[in-house]
Amino acid sequence: MYGGSCGAAGGFTRNSFALCRAYTAVQIASQLADPPQACSEPMPSMSHAAAHRLQPHLHLWSKTYGDYFVFWFGFQARYVLKDPEQAKELLTIKSEHFGKTTRRPDANDLIGNGLLVLNGEKWAQHRHIVNSAFFVEKLKAMALVMVDLTNVMMKNWESCIKRNESIDVAREFKILTADIIAHTAFGSSFAEGKLVFEMQDKQQLLFSKLMSAPYIPGYRFLPTPKNRYRNNLKTRIHEVLGQIIQKREALIEAVRGDHDVLGSMYGNDLLGLMLAANRGELQGNQRSFTMGLDELIDECKTFFFAGHETTATLLTFMFLLLAAHQEWQECLREEVFEACGKTQLPTVESLNQLKLVGMVINETLRLYPPATAIYREADTDMSLGETLVPAGTVNVHSMSGFLTVEAMSCHYSRLCMPCRASSLKRPQTHQYQVL
Numbered sequence: 021m022y023g024g025s026c027g028a029a030g031g032f033t034r035n036s037f038a039l040c041r042a043y044t045a046v047q048i049a050s051q052l053a054d055p056p057q058a059c060s061e062p063m064p065s066m067s068h069a070a071a072h073r074l075q076p077h078l079h080l081w082s083k084t085y086g087d088y089f090v091f092w093f094g095f096q097a098r099y100v101l102k103d104p105e106q107a108k109e110l111l112t113i114k115s116e117h118f119g120k121t122t123r124r125p126d127a128n129d130l131i132g133n134g135l136l137v138l139n140g141e142k143w144a145q146h147r148h149i150v151n152s153a154f155f156v157e158k159l160k161a162m163a164l165v166m167v168d169l170t171n172v173m174m175k176n177w178e179s180c181i182k183r184n185e186s187i188d189v190a191r192e193f194k195i196l197t198a199d200i201i202a203h204t205a206f207g208s209s210f211a212e213g214k215l216v217f218e219m220q221d222k223q224q225l226l227f228s229k230l231m232s233a234p235y236i237p238g239y240r241f242l243p244t245p246k247n248r249y250r251n252n253l254k255t256r257i258h259e260v261l262g263q264i265i266q267k268r269e270a271l272i273e274a275v276r277g278d279h280d281v282l283g284s285m286y287g288n289d290l291l292g293l294m295l296a297a298n299r300g301e302l303q304g305n306q307r308s309f310t311m312g313l314d315e316l317i318d319e320c321k322t323f324f325f326a327g328h329e330t331t332a333t334l335l336t337f338m339f340l341l342l343a344a345h346q347e348w349q350e351c352l353r354e355e356v357f358e359a360c361g362k363t364q365l366p367t368v369e370s371l372n373q374l375k376l377v378g379m380v381i382n383e384t385l386r387l388y389p390p391a392t393a394i395y396r397e398a399d400t401d402m403s404l405g406e407t408l409v410p411a412g413t414v415n416v417h418s419m420s421g422f423l424t425v426e427a428m429s430c431h432y433s434r435l436c437m438p439c440r441a442s443s444l445k446r447p448q449t450h451q452y453q454v455l
């Protein structure tokens with residue numbers, strides 16, 4: 021990788037790619053504030069500024085070149101920005117000109133061609149179908165399953181506490197979110213769904229190793245042990261998901277003439293709601309909006325990939341913050357008792373009364389975002405603020421480094437303050453501090 025500065029006004033000039041000037045991992049590590057061995061150990065104190073650990077190369081180059089700079093990732097130019105106004109243009113005002121980045125072909129094994137990677141009309145078509153599964157009324161039917169599974173986990177925790185055993189909260193939340201996704205996505209086929217999750221978890225480990233290595237065209241076709249293992253996982257996941265979908269479609273076909281029974285055969289899980297929306301489009305004039313078997317499989321894979329790790333990480337860091345700030349822990353406990361009572365389980369209706377819980381969730385997402393950065397590729401020459409971004413450039417909005425922006429009052433932005441959401445109306449508060 022090669023880093024270089026760029027001007028904030030009038031566009032930037034891409035630095036010439038030169039292998040002799042490329043940064044290697046060893047060279048970057050030698051220039052970091054923390055030595056590599058320290059980065060593998062826990063941080064010495066409770067600090068929310070973790071950009072120097074998560075993206076050490078970007079942290080290093082921002083000190084050298086400022087908040088605007090370009091670096092080369094292979095033969096791809098990447099523009100790093102921290103300006104809130106540019107981020108707003110990138111993600112909202114001019115988002116139609118900045119699509120998802122071009123992926124390595126071997127990355128398809130993990131995420132397929134779902135909503136996470138689609139652009140343009142294809143993205144709109146898939147979102148039109150998948151979005152119908154997330155209407156509030158349909159999500160209410162899944163709430164009871166989520167509460168029941170969480171209640172089982174809490175009872176297990178109570179048993180561990182009585183035996184004076186420690187609890188690995190991060191691991192517990194990974195198991196819980198996997199169970200919830202398997203039940204809410206596949207309903208009665210949750211056992212097969214859990215099997216898919218376990219295989220995708222293995223794929224994710226392979227994927228992380230894959231992305232740390234340079235891409236060599238055609239290498240994935242070589243019969244190496246790792247490639248054979250990855251292909252076997254891909255084939256097995258496709259088979260299991262395909263069988264789940266085809267089994268549900270066979271049940272629907274069996275009662276096609278009975279409309280009263282047909283509605284219940286779809287089910288209230290994610291797969292059933294997607295199939296219902298997909299079939300609903302067949303009755304209209306827009307037949308091109310339907311998804312085939314492979315596309316349905318990709319969306320199921322996307323739901324696992326995007327929903328599992330992010331939710332488990334959010335819950336883990338939320339518990340970490342509550343442990344460090346016990347005054348907020350007491351406030352949340354009182355709010356939950358007031359909304360649900362001390363013996364009743366939460367319901368969909370009681371969730372609307374948990375305002376402080378929502379504030380703590382938002383503050384956790386601000387301090388510990390589910391992704392370290394957002395990547396968008398310019399499809400044509402475009403301007404972000406006063407900077408001209410050439411077509412083909414990948415724009416990197418560093419979420420983890422956003423707390424280091426000097427214009428946002430560093431000390432205030434790095435504090436854990438769930439109540440800040442209620443103070444955004446004050447003129448002295450930066451309007452993008454919770455982006």
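At the far end of the sequence shown sits residue 455, using the numbering used here, and the numbering has no gaps.
Here a beta-carbon is modelled for each residue, glycine too, at the ideal position from N, C-alpha and C.
Treat the numbers as computed from the prediction; the structure is a model and nothing was measured.
- Nearest in C-alpha terms to F325, of all of L101, V377, K214, is K214.
- For R240, the secondary structure class from DSSP, reduced to helix, strand or coil, is helix.
- M162 sits in a helix when the DSSP states are folded into three classes.
- Annotation for T407: the continuous beta strand (DSSP E) segment containing it runs 407 to 409.
- Residue state for Q223 is assigned as helix, using DSSP reduced to three classes.
- L291 has its alpha-carbon roughly 12 Å from the corresponding atom of N151.
- Of the residues assessed, Q266 falls on the exposed side of the cut-off, its CB having fewer than 16 other CB atoms within 10 angstroms.
- DSSP places N415 within a strand segment (E or B) once states are collapsed to three.
- A Cβ-Cβ distance of about 20 Å is found for the pair T331 and G132, leaving them out of contact under the 8 Å criterion.
- In the displayed model, M66 falls within coil according to three-state DSSP, outside both helix and strand.
- Contact between N288 and K83 is absent: CB atoms are separated by about 52 Å, not below the 8 Å threshold.
- Under a 10 Å Cβ-count criterion, D314 is classified as exposed, with fewer than 16 other Cβ atoms of the shown protein chains found around its own Cβ.
- Sequence-distant Cβ neighbours of N184 in its own chain, meaning closer than 6 Å and more than five residues away, do not exist here.
- DSSP, read as helix, strand or coil, puts Q364 in coil.
- When I394, N247, K254 are compared, the shortest CA-CA separation from D221 is found for K254.
- Residue nearest to C320 within the set L135, A359, R250, Q224 is L135 (criterion: CA-CA distance).
- When rounded, the separation of the alpha-carbon atoms in E259 and T170 is 30 Å.
- The C-beta separation of I149 from M311 comes to about 6 Å, placing the pair in contact by the 8 Å criterion.
- Assigned with DSSP and collapsed to three states, G207 falls in helix.
- T333 and L316 have their C-alpha atoms spaced approximately 26 Å apart.
- The straight-line gap separating the alpha-carbon atoms of T112 and A153 is approximately 24 Å.
- Taking each of A398, H417, L376, V380 in turn and checking the Cα distance to T392, the smallest one comes out for H417.
- Following the DSSP letters along the chain, one finds V90 in no alpha helix (DSSP H) but inside the beta strand (DSSP E) bounded by residues 89 to 93.
- Put simply, of F95, G119, A69, M419 the residue whose alpha carbon is nearest the alpha carbon of T400 is G119.
- For V137, the three-state secondary structure derived from DSSP is coil.
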